[in-house]
Amino acid sequence: MNPVGHNTNAHAELVKEGIDRINWVDRHSPVLNGLVRTAMRDGSLEGVKIAVVVHLEAKTAFLASILADAGADVIAAGSNPLTTNGSVVEALRDRGMIVVSEPDGNHESWEKELLAAADLEPEYIIDDGAELTMRIGMHRPEIFKKLKGVSEETTTGTARLYAMEAAGLLPFPALTANDARCKHLFDNRYGTGQTTVQAVLRLTNRKMAGAKVAIIGYGYVGRGIAEYAKKLGAQVFVAETDPVRALEAHFDGMFVGKSTDIVRDASIVITATGGMRALGRPEFEVLKHDAVLANAGHHDLEVDVDTLAEMAANVIENRAQISTYELGKRAIHVLSGGALVNIAGGSGHPVEIMDLTFAVQGLGAHHLVNTDLKPGVHVLPKHVDDQIAAAKLSSMGIHLEPPRPEQEDDFKDWLTGIQST
Ligand SMILES: NC(=O)c1ccc[n+]([C@@H]2O[C@H](COP(=O)([O-])OP(=O)(O)OC[C@H]3O[C@@H](n4cnc5c(N)ncnc54)[C@H](O)[C@@H]3O)[C@@H](O)[C@H]2O)c1
Numbered sequence: 062m063n064p065v066g067h068n069t070n071a072h073a074e075l076v077k078e079g080i081d082r083i084n085w086v087d088r089h090s091p092v093l094n095g096l097v098r099t100a101m102r103d104g105s106l107e108g109v110k111i112a113v114v115v116h117l118e119a120k121t122a123f124l125a126s127i128l129a130d131a132g133a134d135v136i137a138a139g140s141n142p143l144t145t146n147g148s149v150v151e152a153l154r155d156r157g158m159i160v161v162s163e164p165d166g167n168h169e170s171w172e173k174e175l176l177a178a179a180d181l182e183p184e185y186i187i188d189d190g191a192e193l194t195m196r197i198g199m200h201r202p203e204i205f206k207k208l209k210g211v212s213e214e215t216t217t218g219t220a221r222l223y224a225m226e227a228a229g230l231l232p233f234p235a236l237t238a239n240d241a242r243c244k245h246l247f248d249n250r251y252g253t254g255q256t257t258v259q260a261v262l263r264l265t266n267r268k269m270a271g272a273k274v275a276i277i278g279y280g281y282v283g284r285g286i287a288e289y290a291k292k293l294g295a296q297v298f299v300a301e302t303d304p305v306r307a308l309e310a311h312f313d314g315m316f317v318g319k320s321t322d323i324v325r326d327a328s329i330v331i332t333a334t335g336g337m338r339a340l341g342r343p344e345f346e347v348l349k350h351d352a353v354l355a356n357a358g359h360h361d362l363e364v365d366v367d368t369l370a371e372m373a374a375n376v377i378e379n380r381a382q383i384s385t386y387e388l389g390k391r392a393i394h395v396l397s398g399g400a401l402v403n404i405a406g407g408s409g410h411p412v413e414i415m416d417l418t419f420a421v422q423g424l425g426a427h428h429l430v431n432t433d434l435k436p437g438v439h440v441l442p443k444h445v446d447d448q449i450a451a452a453k454l455s456s457m458g459i460h461l462e463p464p465r466p467e468q469e470d471d472f473k474d475w476l477t478g479i480q481s482t
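Numbers 62 to 482, taken from this note's numbering, label the letters of the sequence shown in order.
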């Protein structure tokens, strides 16, 4: 029996769909196909066992394929139960890769999938949210001790790795891909900004012009969403707990206030904090009728849907990926069950953005394998980040000029002068 049942034609079509999706990514990934493939041609990844645990859709599948093409022994798993694409899973299996995840899972099935990935004893992990790293640490201590390195995708996972390091519980080197400028400056801001707004509009068929949009959290992700919503004519309101970022939001022209104040009039509320329960009972009590709630942060617990369900008299599954909670005379709509709306309810980041993010991850894995790093959290060296940006610019026909001698600061003359007095 093939992996999706007895219908061979249906399976072949699914595989073809997955391959087509991955090939589309291939067409738009000049940095991965150039700089990254070239670096990996040194044979250092040959036979190295790497688990790729990122939202399992076509861009991730392409990264996994590039690692496999370089000779790595790749295990693929999804980093969220709701973001795994079935056609991509089958396309990867068709090329002989081990994929432990299935689409349309839930938290229970996902836990089992991640433990299955752990039991395959990866040496390195390209992780998202440190989801596999933490589970190996908690449930497979012997395998944890043998881990050689982790390259982490996102803000939430980075915070978790720093917390493990601070507690003296990180016995291997971990690279924070998220801290590379070629990752967070583009992926978190432009990628998530564009695709979150796109997904909310596509799922709801509502308008942005003139809408009151409340954003909880004004980091790279929140700022990106705010920018795209504003450009489409929305009035944007922001709640932040960090006073500097709240001030930045104010200077950027956003209305800033407490979450319970700014959500009152909002027709769309989007969370982007990276924490838990950014929207809970206090906000649910004041939301207006017909408000739409969506999440862009890593956890699918940023919108406390369990509490919303407790408060609701009734829950109706509406259009695809819209759950409507009836609270007295008010109806509150939650998109994609509170999972990352741009991935669970959209196509994920633009291909061009993931060409950068996965160049960071691919070169990060290559760096981990080839460098003798001490246990602890590390940032990708600046020159690698610079190479990625230069390769991207070059792929677009943009070439930079280094500063000419007469443009350099004369501080060296000053230093010589100071030393000689
Ligand atoms: N959806 C995606 O595709 C995608 C892409 C990249 C990152 N992420 C995730 O998005 C989240 C945010 O990432 P980021 O890079 O913007 O992080 P960040 O740390 O730069 O920003 C988060 C902001 O939220 C604020 N915050 C925290 N709790 C809050 C609360 N209860 N109320 C108001 N503000 C609060 C923090 O002060 C901070 O400024 C993370 O979970 C990250 O992993 C998602």
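A virtual CB, placed ideally from N, CA and C, is assigned to each residue, including glycine. None of the values given here were measured: they were computed from a predicted structure.
For N141, no beta strand (DSSP E) run applies, since DSSP gives it neither H nor E. The shortest CA-to-CA distance from R267 to any of D351, V109, T121 and V376 is the one to D351. Residue A426 holds the alpha-carbon nearest to the alpha-carbon of E107 among Q448, A426 and Q468.
In this structure, DSSP gives N84 a helical state, which the three-state scheme calls helix.
Collapsing the DSSP output to three states places T194 in a helix.
Of the residues assessed, G283 falls on the buried side of the cut-off, its CB having 16 or more other CB atoms within 10 angstroms. Partner residues in the beta bridge of F316, as assigned by DSSP, are F298. By the Cβ neighbour-count rule, T237 is buried, with 16 or more other Cβ atoms within 10 Å of its own. For S456, the shortest C-beta to heavy atom distance toward ligand 1 is 7 Å or greater. For G318, the shortest separation between its Cβ and any heavy atom of ligand 1 does not lie below 7 Å. When secondary structure is reduced to three states using DSSP, V282 falls in the helix class. Our two residues, V364 and G79, have alpha carbons roughly 31 Å apart in a direct line. Annotation: the continuous beta strand (DSSP E) that includes R391 extends over R391 to L396. Inclusion of E301 in the 7 Å shell around ligand 1 follows from its C-beta lying nearer than that to a non-hydrogen atom of the ligand. When DSSP states are grouped into helix, strand and coil, D351 belongs to the coil group.
Here the stretch 405-418 lies against the stretch 114-122, with 3 or more beta-carbon pairs under 8 Å apart.
Taken from the Cβ of T194, every heavy atom of ligand 1 lies 7 Å or farther away. Scanning the stretch 107-169 for uninterrupted beta strand (DSSP E) segments of 3 residues or longer gives 110-114 and 134-138, listed from N- to C-terminal end.
Residue range P234 to T237 is occupied by the beta strand (DSSP E) that includes A235. Looking only at V347, M195 and G294, the smallest Cα-Cα distance to K390 is reached by V347. Taking the Cβ of T215 as the reference point, at least one heavy atom of ligand 1 falls within a distance shorter than 7 Å. Contact between L293 and V258 holds, with the beta-carbon distance rounding to 7 Å and staying under 8 Å. At a threshold of 7 Å, N141 does not count as near ligand 1, since its beta carbon sits no closer than that to any of the ligand's heavy atoms. Nearest Cα to A73 within the set N141, A137, V150 and N94: V150.
About 30 Å separates the beta carbons of V92 and A355, which is beyond the 8 Å limit, so they are not a contact pair.
In the structure shown, G210 falls within a strand segment according to DSSP collapsed to helix, strand and coil.
Its chain contains M269, A272 and V274 as the residues whose beta carbon lies nearer than 6 Å to that of A295, once the 5 sequence neighbours on both sides are disregarded; these appear in chain order.
Looking only at V317, V76, H360 and H410, the smallest Cα-Cα distance to H168 is reached by H360.
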